[in-house]
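Below you'll find the structure, written out as C-alpha cells, and then a few comments.
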Amino acid sequence: MAKQKLIIFDTTMRDGEQSPGAAMSRDDKLRIARQLERMRVDVIEAGFPAASPGDFESVKAVAEAIKESTICGLARANEADIRRAGEAIRPAKSGRIHTFIATSPIHMEMKLRMSPEQVLEQAIKAVKWAREYTDDVEFSAEDAVRSDSDFLCRVFEEVIKAGATTINVPDTVGYSIPSVWGERIRSLIERVPNSDKVIWSTHCHNDLGLAVANSLAAVLNGARQVECTINGLGERAGNASMEEVVMAIRTRSDLFDCETGVDISQIVPASKLVSQITGYPVQPNKAVVGANAFAHESGIHQDGVLKHRETYEIMRAEDVGWTTNRLTLGKLSGRNAFKSRLNELGISLASEDAMNKVFARFKELADKKREIFDEDIHALVSDDVTDPEDDYYKLIAFSFHSETGETPQAKLTLSADGHEVIEQSSGSGPVDATFKAIESMAKSGSELLLYSVNAITTGTDAQGEVTVRLMHDGRIVNGQGADTDIIAASAKAYLNALNKLHAGKEKLNPQL
Ligand code: KIV
Ligand code: ZN
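This is the structure in C-alpha cells:
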C-alpha cells in the first residue's frame, strides 16, 4: 500500500532563531531557505514578521525567492500580527499563515490574562483574518501539553470551522513523554469533529531530551506534519531535530505508514550551513550530523564494519551527505568558476561590489590554503554578508608574542567608527591577550559566555572558525570569524559580536 506523506515543517528560521544569539540576517535566511528548498522541505517557517521590520523583510525576501516549498509566517492571534504576516507571505507561490494562542490555564491566566472564552473567541477571529490572505492557515494551541483536553477539543473544533487547515499541537515546554504524547494526539484526532478535514501536526521542545521521541510517537498516532529544526536548534533546549526525525522515519520504515519527501543527501550540508550561520557548533556525538556519528573507534566495531558494514551501521554516511570534502576551487580558479560555484551553493551576493570583495578574499585564502572546499566558501561569505564596510569596529592589523616562560602579548590596530587606535595587552594566552586588547579599546563591559573553535575542513591548513558569545545588559549575541590563523579568527569573531551589540538588532520573542 502506498505510504502517506509526512509533511516536514522547518522552523529553524523562527523557533531556531529564538536560540540566544542565533538571530539571522535577511541574507542568512535566504541562504538557509535555498538549502531547505534544495532538501525538498515542504514548509519553511521563515520568521515572525511582526517581530521587527527586519524580520518582515526577511520573510518577504524568502517568499519572493523560494518556489518549491510553502513559505510560512508566524503571527500571534491578533489582527496586526496577522496582517503583517499576510503581507510578508503575499509574494509566495505557496504561502501559509501560522497563528497561535496559548490554551493552558497557566498561560491564559498568568500571561495573557484572558478567560478561556476570550481565548476561544480570539482564536476564531485570528483564523478568519488569516483566511483573508491565504487558504493555508495553521493554528497552534500554545502549551497544548498543559491544556485541558476538553477545552483543547473545543478550540480545535471551532478553528477548523473558521477555516484552519493544519492543527498544530505543541509541547511548548518539552514536558511530555512519548506514550502520553502519542495518546494525546490519538485522542484529539478521535474526539475533534471534522478532524479528517485537516492535517494534524506536532511541535515538540527538547527540555527532557524527548522532542524527537515525542514527535515520532505523534506520527505513530496520526500526526502528518512534524515541526522541527536543523540541528535541533530552538528555544531553550531546542526543537525536534529534523535530521533525526527524517532518518528515523526512513530507517524504521517498517514501523511507519508514512514517508517524507526530504532529499536526505542534503542533510549534512544543511547542518553545516546552519551551524556556520548561527555559530552553534554541532556536538560530535550528535545523531546523523555529528562528526562522530559514523566513526567507529573500537577495534571490534572497526573489524565488523570492514567485514560487513551493516554489523554496526544502520544508515549510510554518504546517503545523508557525508561525502569526503569535495574539492571545489584552488588558487588558479577564476572569477567565473567562483561565481558559478556560489550559484550552485545557492549564495547570491547583494552587488557586484560585494562579489569583488568576496572574490578578493577567496584569492587571499587560496594563497594561504591550497584547496578550497565548499565549507570554506560558506565561511568566506558568512564573513562578508553583513558588509564589513558598515561595521563599527574593524581589525586592521595585529601581532602577538608568545614564548615559554613569558606572558603572551598582543598588539592590535583597530578602527572604531573610522578612527584608528593601537591597543596592547597581555593575557594568559594569545587569545586572552587579544580579547583584552579589544576590550580596552571598545570598553563594552560585555561578559564572554562562550568561546569555541572548530576546524572548517580537515588538515592543519584548515581555516579555524571561531564563535564568541557575548552578553551585555541581558542581550546575547554570537560573533563568528574564520581564518587560517586562529588568533585572527578569534579577533574577528569578538569584533563581529561587538558589532552586533553595537547595531542592536533585537527581535521580539513571540512566546513572551
Ligand atoms: O513552542 C511553541 O508553542 C511554539 C508555537 C508558536 C507553535 O513555538
Ligand atoms: Zn516552539
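Each residue of the sequence shown is one higher than the one before, counting from 1427 in my numbering.
Note that the Cβ used here is the ideal one computed from N, Cα and C, for glycine as well.
Problem - Test item: CB-CB of T1686 and K1918 under 9 Å - result: no
Handout entry: F1824, DSSP secondary structure in three states
Key = strand
Handout entry: A1489 to A1514 span [Cα, whole Å]
Key = 7 Å
Handout entry: Same chain, Cβ closer than 6 Å to M1939, five either side skipped, listed in chain order
Key = Since the displayed the chain opens at 1427 and closes at 1938, residue 1939 lies outside it and no answer follows.
Handout entry: Where T1591 sits in the DSSP three-state scheme
Key = coil
Practice task
Compare the C-alpha of W1607 against each of D1622, A1588 and C1630 and name the closest.
Solution key: C1630
Problem - Span of the alpha helix (DSSP H), counted from its first residue to its last, around E1865 - result: P1856 to A1868
Exercise for the section: Output the residue ranges of the beta strand (DSSP E) runs that lie fully inside the stretch 1620 to 1708 and measure 3 residues or longer, sorted by chain position. Expected result: 1625 to 1630 and 1651 to 1654
Exercise for the section: Kindly list the residues whose CB is nearer than 8 Å to the CB of L1924, restricted to its own chain and excluding five residues on each side of it in sequence; keep chain order. Expected result: Y1818, Y1819, I1864, A1868, S1870, S1872, L1896 and G1905
Practice task
Reducing DSSP to helix, strand and coil, say where H1845 ends up.
Solution key: strand
Exercise for the section: Kindly indicate which three-state DSSP category L1896 falls into: helix, strand or coil? Expected result: strand
Exercise for the section: Could you check the C-alpha separation between I1532 and D1802 for me, to the nearest Å? Expected result: 48 Å
Practice task
State yes or no: is the C-beta of T1591 nearer than 8 Å to some heavy atom of ligand 1?
Solution key: no
Problem - N- and C-terminal bounds of the alpha helix (DSSP H) containing F1565 - result: Segment V1563 to E1568 is the beta strand (DSSP E) holding F1565; no alpha helix (DSSP H) there.
Problem - ligand 2 heavy atom lying under 8 Å from the CB of H1629 - result: yes
Handout entry: Through-space distance from K1712 to S1520, alpha-carbon basis
Key = 33 Å
Practice task
Would you please verify whether the beta carbon of G1905 is less than 9 Å from any beta carbon of chain C?
Solution key: In the displayed structure, chain C is absent; only one protein chain is listed.
Problem - For Q1906, the residue or residues it bridges with in DSSP - result: T1893
Practice task
For S1541, I'd like the list of residues in its chain whose CB is within less than 8 Å of its CB, leaving aside the five on either flank, ordered along the chain.
Solution key: M1534
Practice task
Tell me where the beta strand (DSSP E) around E1873 begins and ends.
Solution key: E1873 to A1881
Practice task
Give me whichever residues DSSP pairs with S1605 in a beta bridge.
Solution key: Note: S1605 sits in no beta bridge, so no partner.
Problem - Contacts around V1731, its chain only, beta-carbon distance under 7 Å, and the 5 residues preceding and following it disregarded - result: H1722, T1737, Y1738 and E1739
Problem - Exposed unless 16 or more other CB atoms sit within 10 angstroms - verdict on K1587 - result: exposed
Exercise for the section: Tell me where the beta strand (DSSP E) around E1547 begins and ends. Expected result: Premise fails: E1547 lies in the alpha helix (DSSP H), P1542 to R1557, not in any beta strand (DSSP E).
Exercise for the section: Could you tell me which uninterrupted beta strand (DSSP E) segments, each at least 3 residues in length, are contained entirely in the stretch 1752 to 1805, listed from first to last along the chain? Expected result: 1753 to 1756 and 1797 to 1799
Handout entry: T1750 versus N1769 - alpha carbon distance
Key = At T1750, the pLDDT of 48 sits below 50, so the modelled position is not reliable; the number obtained from the coordinates is stated separately. One C-alpha to the other measures close to 21 Å.
Problem - Proximity below 9 Å, CB of R1509 to CB of W1555 - result: yes
Problem - Cβ-Cβ separation, E1669 to V1714 (assumed contact under 8 Å), whole Å - result: 4 Å
Practice task
Using the Cα positions of E1778 and L1806, report the straight-line distance between them to the nearest angstrom.
Solution key: 16 Å
Handout entry: Range covered by the beta strand (DSSP E) that runs through G1473
Key = V1469 to G1473
Problem - Contact belief for V1624 with T1592 at Cβ below 8 Å, rounded distance in angstroms - result: 6 Å
Problem - Exposed unless 16 or more other CB atoms sit within 10 angstroms - verdict on N1620 - result: exposed
Problem - Nearest-angstrom Cβ-Cβ length linking V1467 and D1436, presumed shorter than 8 Å - result: 5 Å
Practice task
State yes or no: is the C-beta of E1505 nearer than 8 Å to some heavy atom of ligand 1?
Solution key: no
Practice task
Please list, in chain order, all residues of the same chain as D1793 whose beta carbon is under 8 Å from its beta carbon, the five residues on each side excluded.
Solution key: K1757
Handout entry: Assumed close pair L1636, Q1461 - CB separation to whole angstroms, cut-off 8 Å
Key = Going by Cβ atoms, the distance from L1636 to Q1461 rounds to 27 Å, so no, they are not a contact pair.
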